[in-house]
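J.: Residue numbers (this note's numbering): 44 to 157. Yeah, the Cβ is synthetic: ideal placement off N, Cα and C, and Gly gets one too. This is the structure I have questions about; it appears just below.
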């Protein structure tokens with residue numbers, strides 16, 4: 044599921060939208076969109092339609108697997124543990140790390156409040 048959020052963030056940024064601007068256009072708070080982009084809240088079908096409309100991108104283009112994120116042929120052909128790997132573009136890897144750090148921070152804050 045995280046791949047969909049990364050794709051959404053990538054499309055949003057490519058189209059020149061900040062979280063705040065897109066959130067306003069689709070009728071949600073910026074914090075709500077942030078949680079959805081982090082995978083902490085689900086994105087409803089209606090929200091997907093609004094996002095697709097505002098960004099002028101078919102829903103399927105956002106929801107499909109990231110083309111640059113593919114398992115290498117050797118992973119599919121050779122099932123030995125030491126030869127399995129994936130190739131991830133640097134910007135996607137950085138987004139994953141950033142998302143992980145944000146989720147850890149959020150969880151720490153939640154624990155501190157309890």
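Closest to residue 84 by CA distance: which of 137, 47 and 131 is it?
T.: Counted from its first residue, the chain shown places residue 84 at position 41. Residue 84 has its Cα closest to that of 47, out of 137, 47 and 131.
J.: Just to confirm the assignment, what range does the alpha helix (DSSP H) spanning residue 152 have?
T.: Along the chain shown, one-based indexing puts residue 152 at 109. Segment 133-156, the alpha helix (DSSP H) holding residue 152.
J.: From residue 79 to residue 148, what does the alpha carbon distance come to, in whole angstroms?
T.: The residue given as residue 79 occupies position 36 in the chain shown. The residue given as residue 148 occupies position 105 in the chain shown. For residue 79 and residue 148, the distance between alpha carbons rounds to 16 Å.
J.: Could you tell me the distance, in whole angstroms, from the CA atom of residue 96 to the CA atom of residue 53?
T.: Locating residue 96 in the chain shown gives position 53, where the first residue counts as 1. Locating residue 53 in the chain shown gives position 10, where the first residue counts as 1. Each residue's alpha carbon lies about 16 Å from the other.
J.: May I ask which residues mark the beginning and end of the alpha helix (DSSP H) holding residue 96?
T.: Translated into the one-based positions of the chain shown, residue 96 becomes position 53. Note, residue 96: alpha helix (DSSP H), 88-98.
J.: Between the stretch 60-76 and the stretch 130-147, can you find at least three pairs of beta-carbon atoms closer than 8 Å?
T.: no
J.: For residue 58, which residues in the same chain have their Cβ closer than 8 Å to its Cβ, ignoring the five residues on either side in sequence?
T.: Here residue 58 refers to the residue found at position 15 when the chain shown is read from its first residue. Correct list, in chain order: 98, 99 and 100.
J.: Nearest-angstrom Cα distance between residue 106 and residue 50?
T.: The count along the chain shown starts at 1 and reaches residue 106 at position 63. The count along the chain shown starts at 1 and reaches residue 50 at position 7. Between residue 106 and residue 50, the C-alpha separation is close to 8 Å.
J.: Where does residue 75 sit, in a helix, a strand or coil, going by DSSP?
T.: Counted from its first residue, the chain shown places residue 75 at position 32. Three-state result, residue 75: helix.
J.: Can you find the residues in the same chain that come closer than 8 Å, C-beta to C-beta, to residue 81, ignoring five residues on each side of it along the sequence?
T.: Locating residue 81 in the chain shown gives position 38, counting from the first residue. Only 48, 142, 145, 146 and 149 meet the Cβ criterion.
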